[in-house]
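Worksheet for the structure shown next.
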Amino acid sequence: MGRRHFSTLILFLLFLIEISAQQNPGAKSISLANADVALNSDAFSLFTNPSGLAQMNWTEGGVFYSPSPFGVNELSNTFFAASIPTKYGSLGFGVTNYGFELYKENKFVLAYANRYAKNFFYGLSLSLNHLSIKNYGQDNALVFSLGALYYVSPDFRFAFTAYNLNKASWGKEKNQIPTVYKSGISYDVLQNVSLNLALENEVGFNPSLQCGINYDINEYFSLRSGFANEPTKYSAGFGIHYSQFEIDYAIFTHQELGLTHQFSVLFGLETLENRADKIRKYLGF
Numbered sequence: 346m347g348r349r350h351f352s353t354l355i356l357f358l359l360f361l362i363e364i365s366a367q368q369n370p371g372a373k374s375i376s377l378a379n380a381d382v383a384l385n386s387d388a389f390s391l392f393t394n395p396s397g398l399a400q401m402n403w404t405e406g407g408v409f410y411s412p413s414p415f416g417v418n419e420l421s422n423t424f425f426a427a428s429i430p431t432k433y434g435s436l437g438f439g440v441t442n443y444g445f446e447l448y449k450e451n452k453f454v455l456a457y458a459n460r461y462a463k464n465f466f467y468g469l470s471l472s473l474n475h476l477s478i479k480n481y482g483q484d485n486a487l488v489f490s491l492g493a494l495y496y497v498s499p500d501f502r503f504a505f506t507a508y509n510l511n512k513a514s515w516g517k518e519k520n521q522i523p524t525v526y527k528s529g530i531s532y533d534v535l536q537n538v539s540l541n542l543a544l545e546n547e548v549g550f551n552p553s554l555q556c557g558i559n560y561d562i563n564e565y566f567s568l569r570s571g572f573a574n575e576p577t578k579y580s581a582g583f584g585i586h587y588s589q590f591e592i593d594y595a596i597f598t599h600q601e602l603g604l605t606h607q608f609s610v611l612f613g614l615e616t617l618e619n620r621a622d623k624i625r626k627y628l629g630f
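Listed below in structure tokens is the structure:
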């Protein structure tokens with residue numbers, strides 16, 4: 346490996362340490378500062394809180410693409426997710442691609458979610474993580490995660506997730522793949538306005554407090570904003586819902602890396618307008 350490539354790899358790894366949250370997909374979630382652990386209700390839920398998949402009784406797929414976060418092409422990441430309801434529960438499938446020619450991470454994710462009684466939802470996911478570092482080798486790891494969602498009332502939700510419960514890692518070194526615990530609440534102040542709070546604790550690091558607000562102006566357009574610390578981050582964005590499509594855009598600032606933006610697209614086999622109302626109707630609230 347040449348000196349230039351080696352320097353690029355070192356710089357990339359330093360960036361990687363700073364932006365672990367970048368691997369949380371979905372522009373909606375990012376615009377809410379990833380505080381939506383109790384609001385997850387789309388195909389991207391399989392990556393963040395798989396229990397959210399059980400709230401949907403329709404099939405949908407999503408693509409999240411960030412070609413150059415913070416102006417760095419080497420941080421490019423792509424996510425694909427799909428959710429399929431069955432009479433035995435909801436199934437989720439996901440694929441991710443992160444990095445560049447010198448350093449690449451890929452994931453293949455399977456998830457299952459179901460509903461217990463009326464108010465409790467649970468989900469499990471298993472991902473095959475593949476790491477490749479040019480001239481250094483490659484490795485695979487199986488990562489097990491779970492999530493839960495409980496409706497305290499039709500307007501108030503509590504959720505908990507645990508990522509990498511089995512503490513999988515790369516090679517013989519421990520803690521190369523983070524273990525993350527997260528809990529949060531979501532409260533519908535009005536039928537079209539939700540407040541979201543979450544506490545994320547990555548083992549070995551200070552916990553991060555995240556908060557976000559989602560305002561559905563009408564059935565076609567939503568506005569969002571959020572804030573998080575550790576690291577400090579401000580975010581905002583919007584969503585456009587029309588027929589079977591949902592297009593989300595997010596922009597956020599990082600205290601050290603600056604400003605960046607992202608977008609994602611969801612496509613459903615049914616209309617995606619009034620997502621919250623569709624879920625309330627399906628759940629019987």
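Residue numbering for the sequence shown is 346 to 630, as defined by the working numbering.
Just so it is clear, CB atoms sit at the ideal spot from N, CA and C, and this is done for glycine as well.
None of these values were measured; they are calculated from a predicted model.
- Item | Residues bridged to PRO430 (per DSSP) | SER435
- Query: Who does GLU591 pair with in a DSSP beta bridge?
  - Reply: HIS586, LEU611, per the DSSP bridge assignment.
- Message: Please give the ranges of any beta strand (DSSP E) in the stretch 481-525, keeping only runs that are unbroken, at least 3 residues long and fully inside the region.
- Response: 482-498, 501-508
- Based on the DSSP secondary-structure assignment, which residues constitute the bridge partners of LYS527? Looking at the DSSP output, LYS527 shares a beta bridge with THR506, GLU545.
- Query: Taking the continuous alpha helix (DSSP H) assigned at ALA458, which residues delimit it?
  - Reply: First-last for ALA458: 448-461, but that is the beta strand (DSSP E), not the alpha helix (DSSP H).
- Query: Relative to the alpha-carbon of GLN521, which residue among PHE445, ALA543, VAL548 has its alpha-carbon at the smallest distance?
  - Reply: VAL548
- Message: Measuring alpha carbon to alpha carbon, tell me which residue in PHE465, VAL497, ALA456, GLN400 is nearest SER490.
- Response: ALA456
- Query: Around the C-beta of ALA426, are 16 or more other C-beta atoms found within 10 angstroms, so that it is buried, or is it exposed?
  - Reply: buried
- Query: Which one or two residues does DSSP pair with PHE566 in a beta bridge?
  - Reply: ILE585
- Item | Length of the line joining the Cα atoms of ASN559 and LEU391 | 20 Å
- According to DSSP, residues forming a beta bridge with ILE478: TYR448, GLY482
- Item | Integer-rounded CB distance, given that THR506 should sit under 8 Å from THR393 | Indeed, because the Cβ distance is near 7 Å, the residues count as touching under 8 Å.
- Task: Consult DSSP for PHE389 and reduce its assignment to one of helix, strand or coil.
- Result: PHE389 falls in the coil class under three-state DSSP.
- Which word fits GLU446, buried or exposed, when buried means at least 16 other C-beta atoms lie within 10 angstroms of its C-beta? exposed
- Item | Paired residues, beta bridge with GLN555 - DSSP | ALA543, ALA573
- Query: Would ASP381 be called buried (16 or more neighbouring beta carbons within 10 Å of its own) or exposed?
  - Reply: buried
- Task: Give me whichever residues DSSP pairs with SER396 in a beta bridge.
- Result: None; SER396 has no bridge partner.
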